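Engineer: If you scroll down you'll find the structure; I have some questions about it.
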């Protein structure tokens, strides 16, 4: 098990000149709103809608509002759990793609006001906003631009409707720290009974006008947007798996669509400060599914996510789905609370408090001339000390500067280079930003040497830390994925896979785990059939795996009980490539 280090905070600056000399910004700098956001470091996503009751990730838009009738909905429980899990705020899915509104919007009948819950008098958004206020958490909303229920979606009338609903949320529920717009837009849907496919272009929503309204109504709110060329204040990181690039600039180009490289790593020469927000779920899916109760992320996986998000100049947006009874599931809450306790344990002891640091910290307005030290810091321990983590921060008020640094430990009189063991290539000692955590195996040393090798401007290092983490023990070894391969599997063609069971059985579903490290061969649209004799085939299901490209988790296709010996899986459409691929499959039987 990997070990995690404990933070120390030694405040000093690295810059030529004196403090009396005003520090000049280096390129784009964050706004006050963005600085406040960066200090949050972790906050929660809450996914809850009709999908919770239909066992789906994306609703079609024709689900019955009467399905929404939780027996024990308790927003205060959500807020308490999130606070105990170390979250500083909550973003709530006020409306997901199905179009169902979790508040009694006056602009639609498709909302909680037409559900049996509280006889149509309930308002989940209000209850959660009040619970957050009571617990001292910040509050924000997710509002899906795509609405698969609304009859006017794809036409100008819908944009007016969308903005009206946004105005409701921004004016009736208190201060918000963020407004979250999903990038999934346009496709098939119910659309008031039309039951068709509708496409939109990048200019459809008129984002500049919408952004202007947000800034007028909620001047302290940040805008998270995956809207192509329209820049918000925060960006997606190109994946929902819970990590950002080891090199991570908080800068992006002013214009043009951002590809994966820019989303994941930023742009050193970007003209705008748009930091990356790392979003992932504590379960495989975003909404609650009973079948995932055994697949909640393990503590070790959550810590890995922390170091690859907060530890890489990002903030972590961790999702807690709500169960059908209206509460966060006990497994999720206990795992989240254990996560916070482990972070506290990791960062409670400052191993460098008794060490001698050269150059020394800032004292009484005096600044050390870093040039005399060639940009190098030495941490001299009073005795051989064991550690496994190093933390460094820049003062990002003046821009992000550091491009490359080195880290060495003196072991038995020899300088040994250290590297980040969580990176696949290189040493990982690149950008710093708000917080950078470098992870490595235990090392016992008398001195530690940190040196900035390359920077855009004079580096301003705000905090450096050295830590030793305890082992993570008594953890669930499986972090989430069930693997079952008791079948004979072969390909009849590039996009046709056959799964042969040992014995004929009654099949009630099929599960598909796509390739995990590539989009090559990833099936987005499928047809699944079954046979007992290789002659007569019965279709078990046909459709699309929603959001599978961004979130390549187990996909489940349910079917009526069907006798089968062989399952045929056809990849009707692939994300990339010409041959379908998989990581694992499972045939669900009675």
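Numbering (the working numbering), first residue to last: 648 to 1237.
Even for Gly, the Cβ is constructed at its ideal location relative to N, Cα and C.
A quick note: this is a predicted structure, and the numbers were derived from the prediction, not measured.
What first and last residue would you give for the alpha helix (DSSP H) that runs through residue 911?
Structural biologist: 907 to 912
Engineer: Can you find at least 3 beta carbon pairs, one from the segment 1175 to 1184 and one from the segment 1210 to 1217, that sit closer than 8 Å?
Structural biologist: yes
Engineer: Relative to the alpha-carbon of residue 672, which residue among 991, 1105, 999 has its alpha-carbon at the smallest distance?
Structural biologist: 1105
Engineer: Where in the segment 848 to 884 do unbroken runs of the alpha helix (DSSP H), each at least 4 residues long, occur, reported from the N-terminal end onward?
Structural biologist: 854 to 864
Engineer: Helix, strand or coil: how does DSSP classify residue 1024 here?
Structural biologist: strand
Engineer: Quick check: the segment 717 to 732 against the segment 852 to 866, are at least 3 beta-carbon pairs closer than 8 Å?
Structural biologist: The segment 852 to 866 and the segment 717 to 732 do not touch, with fewer than 3 CB-CB distances between them shorter than 8 Å.
Engineer: Assuming residue 754 and residue 811 make a contact with CB atoms under 8 Å, what is their CB distance in whole Å?
Structural biologist: 5 Å
Engineer: For residue 712, name the three-state secondary structure that DSSP assigns.
Structural biologist: Residue state for residue 712 is assigned as helix, using DSSP reduced to three classes.
Engineer: Let's see if you can read the secondary structure: which residues bound the alpha helix (DSSP H) around residue 818?
Structural biologist: Taken as a continuous stretch (DSSP letters only), the alpha helix (DSSP H) holding residue 818 covers 803 to 819.
Engineer: Would you identify the three-state DSSP class for residue 824, choosing helix, strand or coil?
Structural biologist: coil
Engineer: Would you check if the distance between the CB atom of residue 787 and the CB atom of residue 824 is smaller than 8 Å?
Structural biologist: yes
Engineer: Any idea which residues DSSP pairs residue 1153 with across the strands?
Structural biologist: 1210
Engineer: Is the beta carbon of residue 895 sitting closer than 8 Å to the one on residue 913?
Structural biologist: yes
Engineer: Run through DSSP, which three-state label would residue 1051 get?
Structural biologist: Of the three classes helix, strand and coil, the one that applies to residue 1051 here is strand, per DSSP.
Engineer: Got a sec? Which residues, its chain only, sit under 8 Å from residue 1162 by beta carbon, not counting five neighbours each side?
Structural biologist: 1168, 1169, 1199, 1228, 1229, 1230
Engineer: Assign residue 1017 to buried or exposed, taking buried as 16 or more other Cβ atoms, counted over all protein chains shown, within 10 Å of its Cβ.
Structural biologist: Confidence at residue 1017 is low in this model, with a pLDDT of 37, below 50, so its placement is unreliable and no value can be given for it.
Engineer: Would you say residue 967 and residue 975 are within 8 Å of each other, going by their C-beta atoms?
Structural biologist: yes
Engineer: On the CB-based measure, 16 or more other CB atoms within 10 Å of its CB, does residue 1233 come out buried or exposed?
Structural biologist: buried
Engineer: Residues in its own chain within less than 6 Å of residue 828 by CB, not counting five upstream and five downstream?
Structural biologist: 792, 872
Engineer: What does the alpha-carbon distance come out to for the pair residue 1174 and residue 970?
Structural biologist: 30 Å
Engineer: Mind checking residue 1124: buried by the 16 CB within 10 Å criterion, or exposed?
Structural biologist: Low confidence applies here, because residue 1124 scores a pLDDT of 35, under 50, leaving its location unreliable and the question unanswered by this model.
Engineer: Assign residue 1064 to one of three DSSP states: helix, strand, or coil.
Structural biologist: strand
Engineer: Going by CA-CA distance only, name the one from 830, 837, 790, 833 that's closest to residue 815.
Structural biologist: 790
Engineer: Quick one, are the C-beta atoms of residue 934 and residue 694 less than 8 Å apart?
Structural biologist: yes
Engineer: Give the single residue among 905, 1201, 1139, 1111 whose Cα lies nearest to the Cα of residue 1025.
Structural biologist: 1111
Engineer: Taking buried to mean at least 16 other C-beta atoms within 10 Å of its own C-beta, is residue 841 buried or exposed?
Structural biologist: exposed
Engineer: Assign residue 1003 to one of two classes, buried (16 or more other C-beta atoms within 10 Å of its C-beta) or exposed (fewer than that).
Structural biologist: exposed
Engineer: From residue 890 to residue 1150, what distance separates their C-alpha atoms?
Structural biologist: 42 Å
Engineer: Considering only DSSP beta bridges, list what residue 1188 is partnered with.
Structural biologist: 1175
Engineer: Look at residue 1084 and residue 1038 and say whether their C-beta atoms are less than 8 Å apart.
Structural biologist: yes
Engineer: Can you tell me whether residue 1100 is buried or exposed? The criterion is at least 16 other CB atoms within 10 Å of its CB, across all chains shown.
Structural biologist: exposed
Engineer: From residue 801 to residue 851, what distance separates their C-alpha atoms?
Structural biologist: Taking the straight line joining both Cα atoms gives about 8 Å.
Engineer: Quick one: what does DSSP say residue 1202 is sitting in, helix, strand or coil?
Structural biologist: strand
Engineer: Tell me which residues share the same chain as residue 1063 and place their Cβ nearer than 6 Å to its Cβ, disregarding the 5 neighbours each side in the sequence.
Structural biologist: 1056
Engineer: Tell me the rounded alpha-carbon separation between residue 1259 and residue 1036.
Structural biologist: With the chain covering 648 to 1237 only, the question about residue 1259 has no answer from this structure.
Engineer: Check the C-beta distance from residue 1032 over to residue 1091 and give it rounded, since I have them as a contact under 8 Å.
Structural biologist: Contact flag correct, Cβ pair sits at about 7 Å.
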